[in-house]
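Asker:
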Amino acid sequence: MIRVNNVTHHYGVRPVLRDVSLTVRRGELVALMGPNGMGKSTLMGVIAGTLWPVSGSVDINGWRRRATEGEELAIRKLVLYLPADPWIPRSFTARQWVLTMGRVYGVEDARLFDHAERLLELFDLSKQSDSPVSSFSSGQKKKAALCAALVAEAPVMLLDEPFSGGLDPSGILALKRVLRHRVDKEDATVVMATPVPELVEELADRVAVLREGRLVGYDSVEGLRQLAGGGGSLDEVYERLVNPQVMSRIEDYFGAERRA
Amino acid sequence: MKRLTLVPMSLLQRWLVPPRQFLVPAVLVALFLTLYFGPELALEALRRWFHAPELRYGPWQDLREFQAKVVLGACALYGLFRIFQFHPVTRPGYKPWLEQTPWTVRQPLPLGPVHLVLRDALAIAGLTACGARVGVHWALPAALVGMVYLVVLMVTLLVGHAPKHAIVLAFGPPLFAILANQPAWMLAAVGAFYCIGYAGLRQSLAKFPWRDPDEVHPSLMPPKALSLGWPLKWVAPIPPDKPVPASIGFLVALLVAWWLLGLMVFSGVPVGPDPHADRLEILRLMAGGACCGLFAAVIRAVGYLVGTAPPLGTLGRLRTGRLVIPEYDHVLVAPAMVWLLATVTPGAAFYFLHVGSAANAAISVFVVLSAAINLAPTMAAWRLTGAGSHPAPAVVGRERQPKGVGQEA
Chain B
1 MIRVNNVTHH YGVRPVLRDV SLTVRRGELV ALMGPNGMGK STLMGVIAGT
51 LWPVSGSVDI NGWRRRATEG EELAIRKLVL YLPADPWIPR SFTARQWVLT
101 MGRVYGVEDA RLFDHAERLL ELFDLSKQSD SPVSSFSSGQ KKKAALCAAL
151 VAEAPVMLLD EPFSGGLDPS GILALKRVLR HRVDKEDATV VMATPVPELV
201 EELADRVAVL REGRLVGYDS VEGLRQLAGG GGSLDEVYER LVNPQVMSRI
251 EDYFGAERRA
Chain Y
261 MKRLTLVPMS LLQRWLVPPR QFLVPAVLVA LFLTLYFGPE LALEALRRWF
311 HAPELRYGPW QDLREFQAKV VLGACALYGL FRIFQFHPVT RPGYKPWLEQ
361 TPWTVRQPLP LGPVHLVLRD ALAIAGLTAC GARVGVHWAL PAALVGMVYL
411 VVLMVTLLVG HAPKHAIVLA FGPPLFAILA NQPAWMLAAV GAFYCIGYAG
461 LRQSLAKFPW RDPDEVHPSL MPPKALSLGW PLKWVAPIPP DKPVPASIGF
511 LVALLVAWWL LGLMVFSGVP VGPDPHADRL EILRLMAGGA CCGLFAAVIR
561 AVGYLVGTAP PLGTLGRLRT GRLVIPEYDH VLVAPAMVWL LATVTPGAAF
611 YFLHVGSAAN AAISVFVVLS AAINLAPTMA AWRLTGAGSH PAPAVVGRER
661 QPKGVGQEA
């Protein structure tokens, strides 16, 4: 379970997160949504421990982030963080990188080899798996990074924009299925930041919506509909929560066109 | 069954077949081979084509020297490559990534070991063989790889919270320079320093991710004193810079003197006494020392006085008749002592210790630098105002209270 307790963070004098609190249950897939620059990646970084909040704290399975060396190590064994722009050594091949990640997370060799092959096959990287990553397209790099993240079999996965970065439709489909499988069958906890409402509606158990660093909604898609006071697709609900003027602006735009 | 086949394969890959990322990039290997063998093959082809046996002499000698330089350059590059490619400090992106993982020092480093392993022996043996063909001493390639490796390792240990090992390693390069004409001894010295470096590397990696135990959140750090500017920086409630401990002062002086000695010996300056030296030599040394000492004294004085307006200028002193202001002027005693020591020490070392120029310079630098760094007053003690010289009001209040008052049970 992940518990974010009253986290506030700012870069210089610019506040990015303001008193954000939320809880992610075990075996739950939570999506973080919000406009660009509203604190999604910062919140992911705070949960992942790469950022140190000015105030507030993060607990994962009862251990506090950045409290003691022992607790931090215990958290790292559980948590895998995949940033939006993941680092992969350019000289490594996709297979090497996936195996390296599995070994760092202590996955047993036989299981690791088998799972790595299946993942590379799933993400259509088998043919390129022995080529250095430097020769990959951005989409292939993203796939290699996703394979490496999934092979670690971490019980808690923090994925910052996993569907972006040039991932093709088959990669998106594969990732959706794998994430849902990990949550439903393996009781994994997944937190992902994504700006795409369609993916969230299909995938997430709960959605956290950030606006100007504050949590304006944290519920299931149905719960957010009620909170926003109306039906419609998630992107309309999301816009009503984040940017209430957008619908009237759209109306104004087409109204002006009709009048002209 | 599957496991039985996979595990031995993994071990085989790990111990016998160098992993792909462990090898020097093919471009560099090709470049080395081209530079090493290319001219030789071309010259041999010319000799045979033109039936010119005289080509065997003059050009071949030049070629051997060139090939020796290529080998030594390759050794230096290999030493750099071994540490830059595998150390979390030197490889961009590696450290932030590793910080996110559950890696500990009990596991091998994910991208490969930083310490030298058996596979390095293959590369070094190859370079040694190439060097031996062209007259390079057998110990020199390995020593050069180790020297370059140790210099970079020293920097990574400083960053990686193993400063004691880094300081010991800093004594290595001058020793290697002194032993430059005895490659076998130089290799032995490199080996000894490598053991220290290896211990430091283990300690450093055990402390990964290298955070200070009393780390303060960046947003809660006090603003830098300099940012307030004079005179606010002296009166603002900002803790003064920590004074340099005397042991560090002596260590820095020793290190600088040792490096100077190494450089001078490497350049051919004699260490032992010069039998032709006379009294004029003492005067020359004292004059040189005085010039260098003046420089050191000015640096010391400037470190204290720059940015600080004196309480009374020269004109003010003349008009008031108070030419000496003890509480203020005692800051000038240390620079004067530094200058005096710099003037006297070279002559004294020459006269009493009978040492040569290189040793004389090293001794003098040690004495003068030790004095310049360690002589009182410390900056914090000398400051007339601010947190450096006056305790904070709360502390004053507590000191004035009798014992037990204001203390909670």
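From first to last, the protein sequence lines stand for chains B and Y. Going by our numbering, the first sequence wraps up at 260, each residue one higher than the last. Going by our numbering, the second sequence wraps up at 669, each residue one higher than the last. In this text, a Cβ means the ideal position worked out from N, Cα and C, and glycines have one as well.
Rounded to whole angstroms, how far is the Cβ of Y:A328 from the Cβ of Y:G395, which I believe are closer than 8 angstroms?
Answerer: To locate residue 328 of chain Y, count along the second sequence from 1; it is residue 68. To locate residue 395 of chain Y, count along the second sequence from 1; it is residue 135. Yes, Y:A328 and Y:G395 are in contact; Cβ-Cβ is about 6 angstroms, under 8 angstroms.
Asker: So is Y:Q463 in contact with chain B if we call contact Cβ pairs under 8 angstroms?
Answerer: For the purposes of this step, residue 463 of chain Y is identified with residue 203 of the second sequence, where counting begins at 1. Judged by the 8 angstroms Cβ criterion, Y:Q463 is not in contact with chain B.
Asker: Near B:L179, which residues of its chain fall below 7 angstroms by C-beta distance, leaving aside the five closest residues on each side in sequence?
Answerer: Mapped onto the first sequence, residue 179 of chain B falls at position 179. So the list reads L29, V190, L203, once near-sequence residues are dropped.
Asker: Return the first residue and the last residue of the alpha helix (DSSP H) that B:R249 is part of.
Answerer: Counted from its first residue, the first sequence places residue 249 of chain B at position 249. Residues 246 to 259.
Asker: Do you know offhand how far Y:A392's Cα is from B:W87's?
Answerer: One-based indexing of the second sequence puts residue 392 of chain Y at position 132. One-based indexing of the first sequence puts residue 87 of chain B at position 87. Looking at the two C-alpha atoms, the distance is approximately 42 angstroms.
Asker: Shortest alpha-carbon distance to B:R95 belongs to which of B:A145, B:D187, B:G27?
Answerer: Residue mapping note: residue 95 of chain B aligns to position 95 of the first sequence, counting from 1. It is B:A145 whose Cα lies nearest to the Cα of B:R95.
Asker: Anyone know if the C-beta pair for Y:P533 and Y:A618 falls short of 8 angstroms?
Answerer: On the second sequence, residue 533 of chain Y is found 273 positions in, with the first residue counted as 1. On the second sequence, residue 618 of chain Y is found 358 positions in, with the first residue counted as 1. Their beta carbons are not under 8 angstroms apart, which means Y:P533 does not touch Y:A618 by this criterion.
Asker: Please list the partners that B:T100 has in chain Y, where partner means a Cβ-to-Cβ separation under 8 angstroms.
Answerer: Counted from its first residue, the first sequence places residue 100 of chain B at position 100. Those are P370, L371, listed as they occur along chain Y.
Asker: Between B:R18 and chain Y, is there a C-beta pair that is closer than 8 angstroms?
Answerer: Here residue 18 of chain B corresponds to residue number 18 of the first sequence, with the count starting at 1. Not one chain Y Cβ lies under 8 angstroms of B:R18.
Asker: Would B:Y81 be called buried (16 or more neighbouring beta carbons within 10 Å of its own) or exposed?
Answerer: Stepping through the first sequence from its first residue, residue 81 of chain B is reached at position 81. Flag for B:Y81 reads buried.
Asker: Going by DSSP, which residues form a beta bridge with Y:T361?
Answerer: On the second sequence, position 101 is the one that residue 361 of chain Y refers to. Y:T361 is not bridged to any residue.
Asker: Can you tell which of Y:V516, Y:A448, Y:L413, Y:S507 has the C-alpha that lies nearest to the C-alpha of Y:Q463?
Answerer: As a position in the second sequence, residue 463 of chain Y is number 203, starting the count at 1. Closest option to Y:Q463, Cα to Cα, is Y:L413.
Asker: Might you give, ordered along the chain, the residues of its own chain that have their beta carbon closer than 7 angstroms to the beta carbon of B:F123, omitting 5 neighbours on each side?
Answerer: Working through the first sequence from its first residue, we reach residue 123 of chain B at position 123. Cβ within range, chain order: K143, L146, C147, G171, A174.
Asker: Please list, in chain order, the residues of the stretch 351 to 367 of chain Y that have any C-beta partner in chain B closer than 9 angstroms.
Answerer: Result list: R351, P352, G353, Y354, P356, W357, L358, E359, Q360, T361, P362, W363, T364, Q367.
Asker: Counting only beta-carbon atoms, is B:W87 nearer than 8 angstroms to chain Y?
Answerer: What you label residue 87 of chain B is simply residue 87 of the first sequence in a count that begins at 1. Yes, contact with chain Y.
Asker: Would you call the CB atoms of B:G255 and B:R240 closer than 8 angstroms?
Answerer: As a position in the first sequence, residue 255 of chain B is number 255, starting the count at 1. As a position in the first sequence, residue 240 of chain B is number 240, starting the count at 1. No, these two residues do not count as a Cβ contact at 8 angstroms.
Asker: Tell me where the beta strand (DSSP E) around B:M157 begins and ends.
Answerer: Position 157 of the first sequence, counted from the start, is the residue given in the question as residue 157 of chain B. Taken as a continuous stretch (DSSP letters only), the beta strand (DSSP E) holding B:M157 covers 156 to 160.
Asker: By DSSP, does B:L200 sit in helix, in strand, or in coil?
Answerer: What you label residue 200 of chain B is simply residue 200 of the first sequence in a count that begins at 1. Position check: residue 200 of chain B holds Val in this sequence, whereas Leu was assumed. Helix.
Asker: For chain Y, find out if any of its Cβ atoms is closer than 8 angstroms to the Cβ of B:V133; answer yes or no.
Answerer: Here the question's residue 133 of chain B lines up with position 133 in the first sequence. Closer than 8 angstroms: no.
Asker: Do B:G213 and B:M38 have their beta-carbon atoms positioned less than 8 angstroms apart in this structure?
Answerer: Along the first sequence, read from residue 1 onward, the residue named residue 38 of chain B stands at position 38. Along the first sequence, read from residue 1 onward, the residue named residue 213 of chain B stands at position 213. The answer is yes: Cβ separation under 8 angstroms.
Asker: Return the first residue and the last residue of the beta strand (DSSP E) that B:M33 is part of.
Answerer: For the purposes of this step, residue 33 of chain B is identified with residue 33 of the first sequence, where counting begins at 1. Here the beta strand (DSSP E) through B:M33 covers 29 to 33.
Asker: Applying the criterion that 16 or more other CB atoms from any shown protein chain within 10 Å of the CB defines a buried residue, is Y:Q360 buried or exposed?
Answerer: Counted from its first residue, the second sequence places residue 360 of chain Y at position 100. Buried is the call here.
Asker: Nearest chain C C-beta to B:K77 closer than 8 angstroms, yes or no?
Answerer: The structure shown contains no chain C; its protein chains are B and Y.
Asker: What is the residue span of the alpha helix (DSSP H) that B:S138 lies within?
Answerer: Position 138 of the first sequence, counted from the first residue, corresponds to residue 138 of chain B. Element bounds for B:S138: 138 to 151.
Asker: In chain Y, which residues lie with their C-beta within 9 angstroms of the C-beta of B:T50?
Answerer: Taking the first sequence and counting its residues from 1, one reaches residue 50 of chain B at position 50. Within chain Y, the residues near B:T50 are P356, E359, Q360.
Asker: Using 8 angstroms as the threshold, is the stretch 46 to 63 of chain B in touch with the stretch 104 to 111 of chain B, meaning 3 or more CB pairs across them?
Answerer: Verdict: no, contact absent.
Asker: In the DSSP assignment, find the unbroken beta strand (DSSP E) run with B:L22 in it and report its ends.
Answerer: For the purposes of this step, residue 22 of chain B is taken as residue 22 along the first sequence, with counting starting at 1. Run containing B:L22: 14 to 24, per the beta strand (DSSP E) assignment.
Asker: From the beta carbon of B:V191, is the nearest beta carbon of chain Y less than 8 angstroms away?
Answerer: Start at 1 with the first residue of the first sequence, and residue 191 of chain B comes out as number 191. Answer no: the Cβ-Cβ gap between B:V191 and chain Y never drops below 8 angstroms.
Asker: Do you know offhand how far Y:W445's Cα is from Y:W398's?
Answerer: Looking up residue 445 of chain Y in the second sequence gives position 185. Looking up residue 398 of chain Y in the second sequence gives position 138. So the two alpha carbons sit approximately 12 angstroms from each other.
Asker: Ignore the nearest five residues each way along the sequence and tell me which others in B:I2's own chain have a CB closer than 6 angstroms to its CB.
Answerer: Position 2 of the first sequence holds residue 2 of chain B. Hits under 6 angstroms: V24, I60.
Asker: Alpha carbon to alpha carbon, how far is B:E236 from B:V221? Give it in angstroms, no decimals.
Answerer: Counted from its first residue, the first sequence places residue 221 of chain B at position 221. Counted from its first residue, the first sequence places residue 236 of chain B at position 236. Taking the straight line joining both Cα atoms gives about 11 angstroms.
Asker: Does DSSP put B:H9 in a helix, in a strand, or in coil?
Answerer: By 1-based counting over the first sequence, the position of residue 9 of chain B is 9. Strand.
Asker: Which one or two residues does DSSP pair with B:L80 in a beta bridge?
Answerer: Stepping through the first sequence from its first residue, residue 80 of chain B is reached at position 80. DSSP lists B:M157 as partners of B:L80.
Asker: If contacts are defined as beta-carbon pairs under 8 angstroms, then B:V242 and B:L224 qualify, I think. What distance do you get, rounded to the angstrom?
Answerer: Counting from one through the first sequence, the residue named residue 242 of chain B turns up at place 242. Counting from one through the first sequence, the residue named residue 224 of chain B turns up at place 224. Actually they do not touch by this definition, with Cβ atoms about 11 angstroms apart.
Asker: Can you tell me whether B:E251 is buried or exposed, with buried defined as 16 or more other CB within 10 angstroms of its CB?
Answerer: Here the question's residue 251 of chain B lines up with position 251 in the first sequence. So B:E251 ends up on the exposed side.
Asker: Mapping DSSP to helix, strand and coil, what is B:P132?
Answerer: Here residue 132 of chain B refers to the residue found at position 132 when the first sequence is read from its first residue. Correct three-state label for B:P132: strand.
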